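Asks: One structure is given below, represented as structure tokens, and several questions about it will come after.
Residue numbers (our numbering): 4 to 733.
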């Protein structure tokens, strides 16, 4: 029977998953012998026992299988039919239940449940077919053929004591009548709820074993208590007389309380935790949403509900990865230069590609970086045990070491391709960059760095077109917080630079340069939030900025009046300089990648490969699950290609394959989205570029720009002579 095969397949899948989990733990213990000696059996799955290998986990006779039809809203367990027919046949309910699954038959003469050999009938039917499926087939046939107004259907409704409104039985659509009858005869919600109550462990009893998985063993964890931060009150100190502490609070008396069970409502006096409840009498007090509580000390739930942020499919970076970064770092790269309309500020920007490991650390530590930069981490760490080591207690020290280790790991990966002298020079250069971090972007945290200029006494004061100017030197604020630079050293160097510049430049110019620091950071934040390719955030870039401020010959009194306009001009100049620096350094599009884990039978491997090939997926490995005909395929799938992926996979594999998608990493597309022939060799190969077919990166960039309403460089009419469709009539 098909039902037997379905249950058997489910048991095979579960057994394969449990075996895979068991062998994964064993391999992990073998890889780490230090832990295997102490916890060789504690880490193994608790439900894995040798005695259970010969017995299926999911068995209808155990009550953990529900036969259901979600389309018509009905479902049942064999126990329901055993209780229904046992009294009529004259057999015990337990004996009748054992015969409702498998090759079991009912001998009507003796009233016993026997095997196929003991039955004397010529064409015997199993008890599941005779008592369960036949009843369902008969109900479907009566309702779909005769309709709800027939006498036979009404008689069945009366026999089963079903409460069905008369208007539903008179419906002209037989499918609607069928759903009404079946959902009340065999309600799916009741069957599932009964199975959950009987087959799942008691939450109170299982709390002890679940706590071991949630909280690891350790000296520190034994003294820790997990409390949700948003549940704590934010009010600190003593309030003043007349202050209103409780705002937007209304007292309401509940009229009626209902427990929602499927499609029905059950009037109750109280409802326990974990149930869905309906309350009558709140319509006059709640407009959209509110927090209901019996005490005024309850914190509002609205602040704890965070909306789902849209997943950004693309980001922007520049060319360079691995050994190419080292080769490019030794060559002097060009600066992009922009000047404000009044000519008083000139911004020079140089862009560098961050090592991939360092970019990953910055992405993973965004929340911690935000707390460190704002100074919240030190307050939070003050409650830790003072006996802990400094490295364990200081988050800034741990993050600083992770950033240094990230640079070393990238150097170790390319150590065979680059000379050691170049690697040492590269490491020294990047450690120097980490001491000059002015800000992070976009929006104060992110995988992009703003580096303050390497100030020198000879470059801090310049003269251009007869005007005197100074270099606006920013303070390495982030480097100070992370501990790359001591705060006292940063202040001394800042005072030294300011003193030297102030000695040769007017005091008003020096004060104005300090006031423009926030404008420079704002321009960097805006630029990294919207790149030049398709207004997507930038990724893994470091910007070395050199802003020069020149004196103005006009009256100094006008400076304060024009400050707001001038600060906006500086923001625009910094933004345009950063975007221009990216464009002239071979920009690349970065796309998000899913880790795709597919489970498919052997006969559906070819359709699975076909779907992955159409979606630009990169297959990593394929392994067969032991004891089954199922294969597990691991692949990287671009997020942009994941729309409709599951539906296409199910349609081409007849529903046999299933996929699990988890956001994995970001990966740069090697194609140049704005490629135009420039060199002599490129011009000889591609001509003027009009005949070049758009590559993958350009197609993706144009699709994003078109979706955002940005300008797209494409020909509306490619062949003008072929567009004429009207006949000439003389």
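Note that beta-carbon positions come from the ideal geometry of N, C-alpha and C, so glycine has one too. If you're wondering where the values come from, they're calculated on a predicted model, not measured in any experiment.
1) From which residue to which residue does the alpha helix (DSSP H) around residue 318 run?
2) Under 7 Å between C-beta atoms, does residue 612 make it to chain B?
3) Can you give the Cα-Cα distance for residue 197 and residue 113, rounded to whole angstroms?
4) Excluding five sequence neighbours on each side, which residues of the same chain lie with their C-beta closer than 8 Å to the C-beta of residue 101?
5) Run the CB neighbour count on residue 266, radius 10 Å, all protein chains shown included, and call it buried at 16 or more, exposed below.
6) Considering only the beta carbon of each residue, do residue 439 and residue 454 sit closer than 7 Å?
7) Per the contact definition of three or more C-beta pairs closer than 8 Å, is the stretch 638-652 in contact with the stretch 596-604?
8) My assumption, with CB atoms under 8 Å, is that residue 541 sits in contact with residue 318. Please give the rounded CB distance.
9) Please state whether the Cβ-Cβ distance between residue 71 and residue 78 is less than 7 Å.
10) Among residues of its own chain, excluding the 5 on either side of residue 672, which ones have a beta-carbon nearer than 8 Å to its beta-carbon?
11) Quick check on residue 527: buried or exposed, where buried means 16 or more other Cβ atoms within 10 Å of its Cβ?
12) With a 10 Å radius around its C-beta and 16 neighbouring C-beta atoms as the bar for buried, classify residue 521 as buried or exposed.
13) Which one of 291, 118, 713 and 103 has the shortest CA to CA distance from residue 538?
14) Considering residue 434, what are the terminal residues of the alpha helix (DSSP H) in which it resides?
15) Measure the C-alpha to C-alpha separation of residue 715 and residue 583 and round it to an integer number of angstroms.
16) Could you tell me which residues DSSP puts in a beta bridge with residue 537?
17) Go to residue 611, then tell me how far its beta strand (DSSP E) extends in each direction, as first and last residue.
18) Leaving aside the five residues before and after residue 422 along the sequence, list all residues of the same chain whose C-beta is less than 8 Å from its C-beta, in chain order.
19) Measure the Cβ-Cβ separation of residue 19 and residue 631 and say whether it is below 7 Å.
20) Just checking, does the stretch 162-177 make contact with the stretch 128-142 on the three C-beta pairs under 8 Å criterion?
21) Please tell me whether, using a cut-off of 6 Å, the distance from the CB of residue 338 to the nearest non-hydrogen atom of the ligand NAP is below it.
22) Do residue 576 and residue 350 count as a contact pair if the criterion is CB distance below 7 Å?
23) With C-beta atoms as the reference, is residue 531 less than 7 Å away from residue 451?
24) Would you tell me roughly how many angstroms separate the C-alpha atoms of residue 618 and residue 358, rounded to the nearest one?
25) Taking the alpha-carbon positions, what's the residue 411 to residue 605 distance?
26) Give the secondary structure of residue 347 by DSSP, where H, G and I count as helix, E and B as strand, and everything else as coil.
27) Looking only at its own chain, which residues have a Cβ that is under 7 Å from the Cβ of residue 316, when we skip the five neighbours before and after it?
28) With a 10 Å radius around its C-beta and 16 neighbouring C-beta atoms as the bar for buried, classify residue 660 as buried or exposed.
29) Of all the options 338, 377 and 449, which has the alpha carbon lying nearest to the alpha carbon of residue 366?
30) Does the beta-carbon of residue 568 have 16 or more other beta-carbons within 10 angstroms, so that it is buried, or is it exposed?
31) Tell me whether residue 489 sits in a helix, a strand or coil according to DSSP, three-state version.
32) What three-state label does DSSP hand residue 565 in the structure shown?
33) With distances taken between CB atoms, is the gap from residue 407 to residue 484 smaller than 7 Å?
34) Using DSSP with H/G/I as helix, E/B as strand and the rest coil, what is residue 270?
35) On the CB-based measure, 16 or more other CB atoms within 10 Å of its CB, does residue 183 come out buried or exposed?
36) With DSSP as the reference, label residue 388 as helix, strand or coil.
Replies: Reading it off the structure:
1) Counted from its first residue, the chain shown places residue 318 at position 315. Counting along the chain, residue 318 falls outside any alpha helix (DSSP H), though it belongs to the beta strand (DSSP E) covering 317-321.
2) This model lacks chain B altogether, as it is built from one protein chain only.
3) Position 194 of the chain shown, counted from the start, is the residue given in the question as residue 197. Position 110 of the chain shown, counted from the start, is the residue given in the question as residue 113. Roughly 33 Å between the two C-alpha positions.
4) Counted from its first residue, the chain shown places residue 101 at position 98. Around residue 101: 64, 107 and 116.
5) Sequence index remark: in the chain shown, residue 266 carries index 263 (1-based). That one is exposed.
6) The count along the chain shown starts at 1 and reaches residue 439 at position 436. The count along the chain shown starts at 1 and reaches residue 454 at position 451. Cβ atoms of residue 439 and residue 454: closer than 7 Å.
7) Yes, since at least three Cβ pairs between the stretch 596-604 and the stretch 638-652 fall closer than 8 Å, the two stretches touch.
8) The residue you call residue 541 lines up with position 538 of the chain shown. The residue you call residue 318 lines up with position 315 of the chain shown. Rounded to the nearest angstrom, the Cβ distance from residue 541 to residue 318 is 7 Å, consistent with a contact under 8 Å.
9) One-based indexing of the chain shown puts residue 71 at position 68. One-based indexing of the chain shown puts residue 78 at position 75. Result yes, Cβ atoms of residue 71 and residue 78 sit closer than 7 Å.
10) In the chain shown, residue 672 corresponds to position 669, counting from 1. For residue 672, the CB contacts under 8 Å within the same chain, skipping 5 residues up- and downstream, are 591, 592, 593, 594, 699, 700 and 703 in chain order.
11) For the purposes of this step, residue 527 is identified with residue 524 of the chain shown, where counting begins at 1. Within a 10 Å sphere around the beta-carbon of residue 527 sit 16 or more other beta-carbons, which makes this residue buried.
12) Here residue 521 corresponds to residue number 518 of the chain shown, with the count starting at 1. Around the beta-carbon of residue 521, fewer than 16 other beta-carbon atoms lie within 10 Å, marking it exposed.
13) Start at 1 with the first residue of the chain shown, and residue 538 comes out as number 535. When only C-alpha atoms are compared, the closest one is 713.
14) As a first step, residue 434 must be located in the chain shown, where it is residue number 431. From DSSP, the alpha helix (DSSP H) with residue 434 extends over 423-437.
15) Walking along the chain shown from the start, residue 715 turns up at place 712. Walking along the chain shown from the start, residue 583 turns up at place 580. C-alpha separation (whole angstroms): 18 Å.
16) Looking up residue 537 in the chain shown gives position 534. For residue 537, which the question treats as bridged, DSSP gives no partner whatsoever.
17) Residue 611 sits at position 608 when you count from the first residue of the chain shown. Going by DSSP, residue 611 is part of no beta strand (DSSP E) but of the alpha helix (DSSP H) stretching over 608-617.
18) Against the chain shown, residue 422 aligns to sequence position 419. So no residue of the chain qualifies.
19) The residue given as residue 19 occupies position 16 in the chain shown. The residue given as residue 631 occupies position 628 in the chain shown. If you check the CB distance, residue 19 and residue 631 come in under 7 Å.
20) Taking 8 Å as the limit for Cβ pairs, the verdict is that the stretch 128-142 does not touch the stretch 162-177.
21) This structure lacks the ligand NAP; in fact it carries no ligand of any kind.
22) Within the chain shown, numbered from 1, the residue matching residue 350 stands at position 347. Within the chain shown, numbered from 1, the residue matching residue 576 stands at position 573. Yes.
23) Start at 1 with the first residue of the chain shown, and residue 531 comes out as number 528. Start at 1 with the first residue of the chain shown, and residue 451 comes out as number 448. Cβ atoms of residue 531 and residue 451: closer than 7 Å.
24) Position 615 of the chain shown, counted from the start, is the residue given in the question as residue 618. Position 355 of the chain shown, counted from the start, is the residue given in the question as residue 358. About 28 Å.
25) In the chain shown, counting from the first residue as 1, residue 411 sits at position 408. In the chain shown, counting from the first residue as 1, residue 605 sits at position 602. Looking at the two C-alpha atoms, the distance is approximately 43 Å.
26) For the purposes of this step, residue 347 is taken as residue 344 along the chain shown, with counting starting at 1. Correct three-state label for residue 347: coil.
27) Start at 1 with the first residue of the chain shown, and residue 316 comes out as number 313. Taken in chain order, the residues that qualify are 594, 595, 642 and 643.
28) If you number the chain shown from 1, residue 660 lands on position 657. Looking at its Cβ environment, which holds 16 or more other Cβ atoms inside 10 Å, residue 660 is buried.
29) The sequence position of residue 366 within the chain shown is 363, counting from 1. Nearest of 338, 377 and 449 to residue 366, Cα basis: 449.
30) As a first step, residue 568 is located in the chain shown; it is residue number 565 there, counting from the start. Residue 568 comes out exposed.
31) Translated into positions along the chain shown, residue 489 becomes position 486. Coil.
32) For this step, residue 565 is matched to residue 562 along the chain shown. Confidence at residue 565 is low in this model, with a pLDDT of 46, below 50, so the placement of that residue is unreliable and no value is reported for it.
33) Working through the chain shown from its first residue, we reach residue 407 at position 404. Working through the chain shown from its first residue, we reach residue 484 at position 481. When the beta-carbon positions are compared, residue 407 and residue 484 stay at least 7 Å from each other.
34) Against the chain shown, residue 270 aligns to sequence position 267. For residue 270, the three-state secondary structure derived from DSSP is strand.
35) Residue mapping note: residue 183 aligns to position 180 of the chain shown, counting from 1. With 16 or more other Cβ atoms within 10 Å, it is buried.
36) The residue labelled residue 388 in the question sits at position 385 within the chain shown. The pLDDT assigned to residue 388 is 42, lower than 50, so where the model puts this residue is not dependable, and the model offers no usable value.
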